[in-house]
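> Quick one: this structure, given as structure tokens, is what I'll be asking you about.
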């Protein structure tokens with residue numbers, strides 16, 4: 087029996103950036119919030135989920151930021167996934183913070199959320215939803 091993901095990336099919710107832990111304060115936090123809002127404004131973006139140590143509260147100052155972007159399309163062809171990744175990474179690349187960006191279609195994200203071995207299942211179990219667009 088499949089268990090529903092803990093991170094609800096289907097129910098609309100406004101953008102909210104939680105405390106990201108050490109190393110992401112002041113101007114860097116402001117720059118990151120601007121970049122994340124820019125990604126969220128893309129009409130193909132359904133949801134964004136923060137996961138990893140920055141979501142669980144175990145981050146160190148040198149920790150990266152793990153981000154899942156779920157697009158409205160059910161599946162993404164490999165070339166579309168690469169194009170989306172490049173577009174979504176553009177606002178993040180100049181930040182002095184390493185970012186691991188995962189991009190997925192909505193149906194693929196739901197399916198992979200139940201996998202034991204896929205990184206999207208980690209985002210589903212431990213993630214903090216930043217935004218879900220209506």
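Numbering (the numbering used here), first residue to last: 87 to 220.
Just so you know, even glycine gets a beta-carbon here, dropped at the ideal spot from N, CA and C.
#1: Report yes or no: do the stretch 137 to 145 and the stretch 170 to 178 share at least 3 C-beta pairs separated by less than 8 Å?
#2: Residue 126 and residue 185 look like a contact to me (Cβ under 8 Å); what is the Cβ gap, rounded to whole Å?
#3: CB residue 121 to CB residue 215, shorter than 7 Å?
#4: Below 8 Å, how does it come out for the stretch 139 to 159 and the stretch 188 to 202: are there three or more Cβ pairs, yes or no?
#5: Could you tell me the alpha carbon to alpha carbon distance between residue 219 and residue 147, rounded to whole angstroms?
#6: Residues in the same chain with beta-carbon distance under 8 Å from residue 97, minus the five sequence neighbours each way, listed in chain order, please.
#7: Would a C-beta distance cut-off of 7 Å place residue 112 and residue 145 closer than the cut-off?
#8: Quick one: grab the DSSP three-state call for residue 194.
#9: Name the residue from 135, 191, 170 whose alpha carbon lies nearest to the alpha carbon of residue 103.
So, from the data block:
#1: no
#2: Not confirmed; about 15 Å, so no contact.
#3: no
#4: yes
#5: Just so you know, the alpha carbons of residue 219 and residue 147 end up roughly 30 Å apart.
#6: 218
#7: no
#8: helix
#9: Answer by Cα proximity: 135.
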